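Participant: Residue numbers (the working numbering): 721 to 917.
So, in structure tokens, the structure goes:
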């Protein structure tokens, strides 16, 4: 299986989540895994005005940016992005807006997709963000691999049936977060393997 883990992160939360997802995907069978970041589109003066954002930007500047070829190549795609007012970040939306060529050729049909998100507070729009992302996937003809309530472990991290979500930043992530992410990755791979038999 070809698995793309595509993330956007300002200060490291979704980067850590994506790293855990990639780690689980690599350990869960003979899969090729690509970890890719969504290209930053915010003005540099805005990034530099936030110390945590600037630090994370510098720390991850050598990670390869997501490209259309990664979507074409992948059998399964896992997104990890923060919420922006209950929606996906503009950086990811700009990337998705370039997928029309792949979409028109049917190259995104039956891609198995799952997503994770984060927000600063418990009611910061996590569920709405995942549903917003999945709307684009429905247009692709993708297969959504949401975790639902397929494991008791999910309830220990909030029980979001649409995908793992967290609040409070990278310091709020813990071993239970990693366990929930691992379950979601395993479920995504399992569905992708069934689709691609």
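Even glycine gets a Cβ: it sits at the ideal position worked out from N, Cα and C.
These figures come from a predicted structure and were not determined experimentally.
Going by the DSSP bridge assignment, what does residue 798 pair with across the sheet?
Facilitator: 725 and 834
Participant: Taking the alpha helix (DSSP H) that residue 761 belongs to, which residues open and close that run?
Facilitator: Neither: residue 761 is in no alpha helix (DSSP H) and is coded neither H nor E.
Participant: I'd like to check one pair, residue 808 with residue 908: are the Cβ atoms closer than 7 Å?
Facilitator: Result no, Cβ atoms of residue 908 and residue 808 do not sit closer than 7 Å.
Participant: Put residue 783 into one of helix, strand or coil per three-state DSSP.
Facilitator: coil
Participant: What are the boundary residues of the beta strand (DSSP E) that residue 885 is part of?
Facilitator: 885-887
Participant: Does the region 810-830 touch the region 764-774, meaning 3 or more C-beta pairs lie closer than 8 Å?
Facilitator: no
Participant: Does the Cβ-Cβ distance between residue 915 and residue 832 come in under 7 Å?
Facilitator: Judged by their CB atoms, residue 915 and residue 832 are nearer to each other than the 7 Å cut-off.
Participant: Using a threshold of 7 Å, state whether the C-beta atoms of residue 757 and residue 785 are closer than that.
Facilitator: Their beta carbons are under 7 Å apart, which means residue 757 touches residue 785 by this criterion.
Participant: Relative to the C-alpha of residue 875, which residue among 899, 738, 861 and 802 is closest?
Facilitator: 899
Participant: Within this structure, are the beta carbons of residue 847 and residue 882 separated by less than 7 Å?
Facilitator: Cβ atoms of residue 847 and residue 882: closer than 7 Å.
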